[in-house]
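Trainee:
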Amino acid sequence: MGLISFIKDAGEKLFGTKEVEHAATQAASDPAAHKASLDELNAKASEAIRTYVEAQKLGLTGLAVAFDGASGKVTLRGQAPTQEAFEKAALAAGNVSRVKEVKNLLTVAAPADASQYHDVQSGDTLSAIAKKYYGDANKYNVIFEANKPLLSSPDKIYPGQKLRIPKL
């Protein structure tokens, strides 16, 4: 899975919503005067995302996160114990407001088949998503479990969120 796209304005709000983009614009127009400010904001955002991903307790080791405010791109490096942890780390980083893409360079100790992904639309429910992918609305709990701890309840999904849809 190299690069995953996300909806930039959806997700957890971990850092100043437009500060980094504003600094990136200023740095583009006057690099000498604003590059240090942009670097500092990118570093703060990177640390906030790293802390959030680590809070998911996915068993990652050596996690390094780099955020580029100009492009909205996050790069993940380190090791994931499983394919599931690899995918959840990318989702955790990508489901953060202001993130447009995640380049997942984590290595996986136990690779497996990759999951599908679903971008939540307004009106979606886990039951409707399960019906679409599995043909059975009652399999919503498979999707819920596949996205824990990123989801705290089957009823708490939001438009723009990206979910893992594992194979049955």
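Taking our numbering, the leading residue of the sequence shown gets -14, the next gets one more, and so forth. C-beta atoms are modelled at their ideal positions from N, C-alpha and C, and glycine is treated no differently.
Enumerate in chain order the residues of its own chain whose CB-to-CB distance from Arg62 is below 6 Å, with the five nearest sequence positions on each side excluded.
Mentor: Here the set comprises Ala49 and Leu90.
Trainee: Per DSSP, which residues does Arg62 bridge with? Please list them.
Mentor: Looking at the DSSP assignment, Arg62 forms a beta bridge with Ala49.
Trainee: Give the C-beta separation of Gln154 and Pro134 to the nearest angstrom, bearing in mind that I take them to be a contact with Cβ-Cβ under 8 Å.
Mentor: The shown model of the chain, from -14 to 153, leaves out residue 154, and the question about it has no answer.
Trainee: When you compare only the Cα positions, how much space is there between Ile(-11) and Lys88?
Mentor: So the alpha carbons of these two residues sit roughly 7 Å apart.
Trainee: Can you tell me whether Ile114 is helix, strand or coil according to DSSP?
Mentor: DSSP places Ile114 in helix when its eight states are reduced to three.
Trainee: By the three-class DSSP mapping on this structure, what secondary structure does Asp109 have?
Mentor: Three-state DSSP puts Asp109 in coil, outside helix and strand.
Trainee: Between Ala55, Arg83 and Lys73, which lies nearest to Gln33 when the distance is taken from Cα to Cα?
Mentor: First, the amino acid is wrong: residue 33 is Ala here, not Gln. Per the Cα distances, Arg83.
Trainee: Taking all protein chains shown into account, decide if Ser31 is buried (16 or more other Cβ within 10 angstroms of its Cβ) or exposed.
Mentor: So Ser31 counts as buried.
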